[in-house]
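S.K.:
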Amino acid sequence: MADRIGTAERVTSESQIRIEINLDGSGKSDISTGLPFFDHMLGAFSTHGSFDLKIHAQGDIEIDAHHTVEDTAIVLGRAIADALGDKAGIRRFGSQLLPMDETLVEAVIDISGRPYFVMNGEPENMQWQVIGGHYATVINRHFFETLATHSATTLHLNVRYGRDPHHITEAEYKAVARALRQAVESDPRVKGIPSTKGAL
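Final position of the sequence shown in our numbering is 293; the numbers increase by one with none missing.
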């Protein structure tokens, strides 16, 4: 089977972003957003999903990181949807319980064609912490909700417990990547679309 590769692009007055993802890759990445911590998180997403990921983004980061982070989620979601095509033969569901030191995060995904997002458990300090002087952790929710919307997936993200905002954020990205890796995997026992409706 040929590698499933998707591309997407978005150009606005706030950002210019192009992404290519290979769902059948080996975790290679070429990422540049102008936001070092965000690059680190996207690199972890690539590694733990075993996705080959090329992201080139320019945004108005001198104003705020929010536009670049959220717009990257839009384009990444669209690229994932493009790579999945008609979704024939995939496992469809994926879940991951992932620790990082004192933190434990759970991600559950259904590639359902119905965008939906639920997030629970982030401690209150995630509403005002800033990592690396530029990445406000309050944006985690926006990133993952936007990713779910534009990839047309249902995503439940639960922080079971944790204290360190860096650990919580990194565990979220890694858990979602590993859950998505399971969900997009080809299953030889699945013939056609994995839905009784015949479409996702």
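In this text, a Cβ means the ideal position worked out from N, Cα and C, and glycines have one as well.
(1) Considering Glu199, what are the terminal residues of the beta strand (DSSP E) in which it resides?
(2) Alpha helix (DSSP H) containing Asp123: first to last residue?
(3) Can you give me the Cβ contacts of Ser244 inside the same chain, cut-off strictly under 6 angstroms, excluding the 5 residues immediately before and after it?
(4) On the DSSP letters alone, give me the boundaries of the alpha helix (DSSP H) that Asp297 sits inside.
(5) Quick one, are the C-beta atoms of Gly187 and Leu273 less than 8 angstroms apart?
(6) With distances taken from CA atoms, which of Asp96, Glu163, Glu113, Gly255 is nearest Asn213?
(7) Among residues of its own chain, excluding the 5 on either side of Lys284, which ones have a beta-carbon nearer than 8 angstroms to its beta-carbon?
(8) According to the neighbour-count rule (16 or more other Cβ atoms, all chains shown, within 10 Å of its Cβ), is Gly152 buried or exposed?
(9) With a 10 Å radius around its C-beta and 16 neighbouring C-beta atoms as the bar for buried, classify Asp164 as buried or exposed.
(10) Three Cβ pairs or more, each shorter than 8 angstroms: is that satisfied between the region 188-200 and the region 220-229?
(11) What separation, rounded to the nearest whole angstrom, lies between the Cα atoms of Ser122 and Phe210?
(12) Count the other CB atoms within 10 Å of the CB of Asn218; is the residue buried (16 or more) or exposed (fewer)?
(13) Looking at the strands, I want to know which residues DSSP matches up with Pro208.
(14) Give the DSSP-derived three-state secondary structure of Arg184 in the structure shown.
(15) With distance defined between alpha-carbon atoms, name the residue in Leu128, Ser279, Arg282, Ser143 nearest to Ala229.
(16) In the structure shown, what three-state DSSP assignment does Arg282 receive?
(17) For Ile156, count neighbouring C-beta atoms within 10 Å of its own C-beta (all shown protein chains included) and say buried if the count is 16 or more, exposed if not.
(18) Going by DSSP, what residues sit across from Ala101 in a beta bridge?
(19) In terms of residue numbering, what span does the beta strand (DSSP E) encompassing Ile148 cover?
(20) Residue range of the beta strand (DSSP E) that Asn233 falls in?
M.R.: The relevant details are as follows:
(1) Stepping through the sequence shown from its first residue, residue 199 is reached at position 106. It spans 196-203 - the beta strand (DSSP E) in which Glu199 sits, taken as one unbroken run.
(2) The count along the sequence shown starts at 1 and reaches residue 123 at position 30. It is not in any alpha helix (DSSP H) - Asp123 instead sits in the beta strand (DSSP E) that spans 122-125.
(3) Along the sequence shown, one-based indexing puts residue 244 at 151. If we look at Ser244 and ignore the five residues flanking it on each side, its Cβ neighbours are Gly170, Ile173, Ala174.
(4) Coverage of the chain is limited to positions 94 through 293, which leaves residue 297 absent and any answer about it impossible.
(5) Walking along the sequence shown from the start, residue 187 turns up at place 94. Walking along the sequence shown from the start, residue 273 turns up at place 180. Yes, Cβ-Cβ distance for Gly187 and Leu273 is below 8 angstroms.
(6) Along the sequence shown, read from residue 1 onward, the residue named residue 213 stands at position 120. The option with the nearest alpha carbon to Asn213 is Gly255.
(7) If you number the sequence shown from 1, residue 284 lands on position 191. Closer than 8 angstroms at the Cβ level, and outside the excluded window around Lys284, lie Gly182.
(8) Counted from its first residue, the sequence shown places residue 152 at position 59. Label assigned to Gly152: buried.
(9) Within the sequence shown, numbered from 1, the residue matching residue 164 stands at position 71. Buried, since its Cβ has 16 or more Cβ neighbours within 10 Å.
(10) no
(11) By one-based count along the sequence shown, residue 122 stands at place 29. By one-based count along the sequence shown, residue 210 stands at place 117. The straight-line gap from Cα to Cα measures roughly 26 angstroms.
(12) Along the sequence shown, one-based indexing puts residue 218 at 125. Asn218 comes out exposed.
(13) Reading the sequence shown from its first residue, position 115 is the one you call residue 208. Pro208 pairs with nothing; no bridge assigned.
(14) As a position in the sequence shown, residue 184 is number 91, starting the count at 1. If DSSP states are grouped into helix, strand and coil, Arg184 belongs with coil.
(15) Translated into the one-based positions of the sequence shown, residue 229 becomes position 136. Selected option, being the one with the closest Cα: Leu128.
(16) Translated into positions along the sequence shown, residue 282 becomes position 189. Coil at Arg282, not helix or strand.
(17) Along the sequence shown, one-based indexing puts residue 156 at 63. Exposed, by the Cβ-count rule.
(18) Here residue 101 refers to the residue found at position 8 of the sequence shown. Paired residues: Ile112.
(19) Working through the sequence shown from its first residue, we reach residue 148 at position 55. Start and end: 145-152.
(20) If you number the sequence shown from 1, residue 233 lands on position 140. Segment 232-244 is the alpha helix (DSSP H) holding Asn233; no beta strand (DSSP E) there.
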